[in-house]
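To keep things clear, I will list the structure first and then write my remarks on it.
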Amino acid sequence: MAHAPEPDPATSDLGEERPKWDNKAQYFLSCIGFAVGLGNIWRFPYLCQTYGGGLSSVTLSLLISLYYNAIVAWVLWYLLNSFQHPLPWSSCPPDLNRTGFVEECQGSSAVSYFWYRQTLNITADINDSGSIQWWLLLCLAASWAVVYMCVIRGIETTGKVIYFTALFPYLVLTIFVIRGLTLPGATKGLIYLFTPNMHILQNPQVWLDAATQIFFSLSLAFGGHIAFASYNSPRNDCQKDAVVIALVNSMTSLYASIAVFSVLGFKATNDHGHCLDRNILSLINEFDFPEQSISRDDYLAVLMHLNATWPKRVAQLPLKVCRLEDFLDKSASGPGLAFILFTEAVLHMPGAPAWAVLFFGMLFTLGLSTMFGSMEAVITPMLDVGVLPRWVPKEALTGLVCLACFLFATCFTLQSGNYWLEIFDNVAASLNLLILAFLEVVGVAYVYGMKRFCDDIAWMTGRRPSPYWRLTWRVVSPLLLLTIFVAYITLLSQKPLSYRAWNPKYELFPARQEKLYPGWVLAACALLSLLPLLWVPGVALAQLLTRQRRTWRDRDACLDTDTS
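Right, dumping it as structure tokens:
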């Protein structure tokens, strides 16, 4: 039986003309810009280093947009500081004696001090919210102003901006790949990246992190891809689009890892050399050797000889263990990889300010392009269901959404804002995405029906899905999602939720102090986990009541007719 023609999506329910993409390139770039984001640049490389739409989507997109725009605001602050020369984080500030933070800076590093003290001015405990940092608030306002100007008319404006925000990161990544591969030590970083650790692969946490990473990276179940696709023509090869976007996203993660690890390999080699130099200087001073008489290559042989002849004198020296693998193993997740580790590496590169501007400019555009998809996932459903009266312009609705997000995101500008960012990163995405994706797959395969869904795809693309796709949608995907969800809950219940605080008074400082979340924060975490999901039973119940009320009304009308 031929599939009945679908209504033209170019016309909305309100009878107004629905905008369309100017060309297919705009749609592809928008989807790629939405999928390829900050997670590809720092979360995927971090995991490699560590292990060798409906209303629910609207709520989830709102939460994630707050997270991303807080990052964009911080990137903007770093980007503005990158234009200074020398870089403001290249050394400890000269007025530390006056401000009383000399021990904090010298006990950690200039970059860590600039990030945790001068940028975040972070508190030592999440219970201490602190005050709003005005420079972060201004950057947050500027970021949302840029987002508003780009999404003010939906795809009519984002479709123009996306050419730059989606392509510029690839240009910068290519520049960093070329520059990174020419740095000393880059090969060591790439060997570290591509050398598998079979023992670690036996850890189920690895596979759980890999699964949640692909959700976070592809931006699945957010609603942004559905919103973008709704502006295509009805007969669009959606199957080809999904495969291409997924492949581009995965290849971008790998490409970004090559750029990141080549630079981190250079940093590890540089730090390893400095460690050897300090030990060599200690040996020269202790045994009155001529200056530059011991090279880095000869250090181990000289040390073994001295340890055999003068063991007591060598034992009294403050020598550190200098292993290149230890410096390669230094990892940082999320913002720490960009704002600390990668920044420290950039400082050692010739022309550091220029490289810093390129890097943080790339992060800024990555955050913006991801925000476009998040905002479309919020605004498009609101327009389609008619949240506001028809006479209210689209620009006003967009402005109200951006303003509400800005107000909610001010919590990230508090001195405890970085702790809340980690909560959003760990809680607001993973659990919600798994459940929403599971409900979407089950809803399509078993509620809407696989036959009807395959008929729709055949009508759109001209060919029916192969048995591979039908088996994946009906069996493999639901089972995988359910397994990942159970494993996620199991691992979550085995260890209390905790965070790592930046506490200069901690005895192991500059290591971050492990602390348990207080009860009120756990309640907030539960709310963040449940809020997007509550829309599913809520809307289902509302529609059920509406349908039941309509049935009763029709029955009463029939009874009145029969009586008359």
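Heads up, the sequence shown is in my numbering, so the first residue is -3 and it goes up one at a time. For glycine and all other residues, C-beta sits at the position ideal for the given N, C-alpha and C. Because the structure is a prediction, the values reported are computed rather than measured.
The segment 383 to 396 touching the segment 204 to 217, judged by at least three CB pairs closer than 8 Å: By the Cβ criterion, the segment 383 to 396 is not in contact with the segment 204 to 217, since fewer than three pairs of Cβ atoms, one from each stretch, lie closer than 8 Å.
Out of curiosity, what's the CA-to-CA distance linking residue 528 and residue 419? Rounded to whole angstroms, residue 528 to residue 419 spans 15 Å at the Cα level.
Mapping DSSP to helix, strand and coil, what is residue 540? In the structure shown, residue 540 sits in a helix (DSSP, three-state: H, G or I).
Does the distance from the CB of residue 181 to the CB of residue 265 come in under 7 Å? Taking C-beta atoms as the reference points, residue 181 and residue 265 count as a pair closer than 7 Å.
Check residue 513 in the structure and name its three-state DSSP category. Residue 513 carries a coil assignment under DSSP once its states are collapsed to helix, strand and coil.
Could you spell out the range, first to last residue, of the beta strand (DSSP E) harbouring residue 309? Segment 307 to 311 is the alpha helix (DSSP H) holding residue 309; no beta strand (DSSP E) there.
Coarse secondary structure for residue 292, derived from DSSP in three states: Three-state result, residue 292: coil.
Given this structure, state the Cα-to-Cα distance separating residue 517 from residue 524, to the nearest angstrom. Taken atom to atom, the span from the alpha-carbon of residue 517 to that of residue 524 is near 10 Å.
Contact set for residue 457: own chain, Cβ-Cβ below 6 Å, skip 5 residues either direction: Around residue 457: 233, 235.
Residue 371, buried or exposed, once every other Cβ within 10 Å from all chains shown has been counted against 16: Its Cβ being crowded by 16 or more others within 10 Å, residue 371 is buried.
Nearest to residue 307 (by Cα), restricted to the options 368, 282, 383, 496: Per the Cα distances, 282.
For residue 268 versus residue 302, is the C-beta spacing smaller than 7 Å? The Cβ-Cβ distance between residue 268 and residue 302 does not fall below 7 Å.
Exposed unless 16 or more other CB atoms sit within 10 angstroms - verdict on residue 19: Residue 19 should be labelled exposed.
List, from N- to C-terminal side, the alpha helix (DSSP H) runs of 4 residues or more that fit wholly inside the segment 332 to 408. Fully enclosed alpha helix (DSSP H) runs of no fewer than 4 residues occupy 338 to 343, 348 to 381, 390 to 405 of the segment 332 to 408, in order along the chain.
Cutoff 7 Å; reference residue 100; Cβ partners in own chain excluding five residues on either side: Excluding sequence neighbours, residue 100 sits near 109, 113, 500.
Residue 274: first and last residue of the uninterrupted alpha helix (DSSP H) it sits in: First-last of the alpha helix (DSSP H) with residue 274: 234 to 283.
DSSP puts residue 495 in a beta bridge; with which residues? For residue 495, DSSP records a beta bridge to 511.
Since residue 227 contacts residue 15 with CB under 8 Å, what's their CB separation in whole angstroms? Cβ-Cβ separation between residue 227 and residue 15: approximately 6 Å, consistent with a contact (criterion under 8 Å).
Between the alpha carbons of residue 470 and residue 179, how many angstroms are there, rounded? Annotation: residue 470 to residue 179 spans about 49 Å, alpha carbon to alpha carbon.
Can you find the residues in the same chain that come closer than 7 Å, C-beta to C-beta, to residue 161, ignoring five residues on each side of it along the sequence? Excluding sequence neighbours, residue 161 sits near 29, 361, 364, 365.
Can you tell me where the alpha helix (DSSP H) holding residue 618 begins and where it ends? Outside the shown range of the chain (-3 to 560) lies residue 618, about which nothing can therefore be said.
Identify which residue in 130, 224, 443, 250 has its Cα closest to the Cα of residue 166. Answer by Cα proximity: 250.
Applying the criterion that 16 or more other CB atoms from any shown protein chain within 10 Å of the CB defines a buried residue, is residue 261 buried or exposed? Residue environment: residue 261 is assigned as buried (16 or more neighbouring CB atoms within 10 Å of its CB, all protein chains considered).
Less than 7 Å separating the beta-carbons of residue 27 and residue 222? Not a contact, by the Cβ cut-off of 7 Å.
Roughly how many whole angstroms lie between the Cα atoms of residue 131 and residue 416? Cα-Cα distance, rounded: 18 Å.
Please name the residue, chosen from 293, 294, 309, that lies closest to residue 284 on a Cα-to-Cα basis. Of the listed residues, the one whose Cα sits closest to residue 284 is 309.
For the putative contact between residue 373 and residue 220, defined by C-beta atoms under 8 Å, what is the C-beta separation to the nearest angstrom? Contact holds; Cβ gap of about 4 Å.
In its own chain, which residues sit with a C-beta less than 6 Å from the C-beta of residue 177, not counting the 5 before and 5 after it? Cβ within range, chain order: 258.
Here's the rule: buried if 16 or more other CB atoms are within 10 angstroms of the residue's CB, otherwise exposed. What is residue 375? Residue 375 is classed as buried because its beta carbon has at least 16 other beta carbons within 10 Å across all chains shown.
By the three-class DSSP mapping on this structure, what secondary structure does residue 3 have? Because residue 3 carries a pLDDT of 45, less than 50, the predicted location of this residue cannot be relied on, and no value is offered for it.
Could you check which residue in 134, 246, 542 has the C-alpha nearest to that of residue 206? Check the Cα spacing between residue 206 and each of 134, 246, 542: the tightest is with 246.
Quick one: give me the first and last residue of the alpha helix (DSSP H) that residue 428 is part of. 426 to 438 is the extent of the alpha helix (DSSP H) around residue 428.
Run through DSSP, which three-state label would residue 49 get? Only weak support exists for where residue 49 lies, its pLDDT of 43 falling under 50; the coordinates are left without a value.
Where in the segment 101 to 142 do unbroken runs of the alpha helix (DSSP H), each at least 4 residues long, occur, reported from the N-terminal end onward? If we require 4 residues or more, the alpha helix (DSSP H) runs fully inside the segment 101 to 142 come out as 106 to 109.
Rounded to whole angstroms, what's the CA-CA distance from residue 295 to residue 270? Just pull it up for me. Distance between the alpha carbons of residue 295 and residue 270: 13 Å.
State whether the segment 140 to 156 contacts the segment 393 to 412, with contact taken as three or more CB pairs (one from each stretch) at a distance under 8 Å. Yes, they touch.
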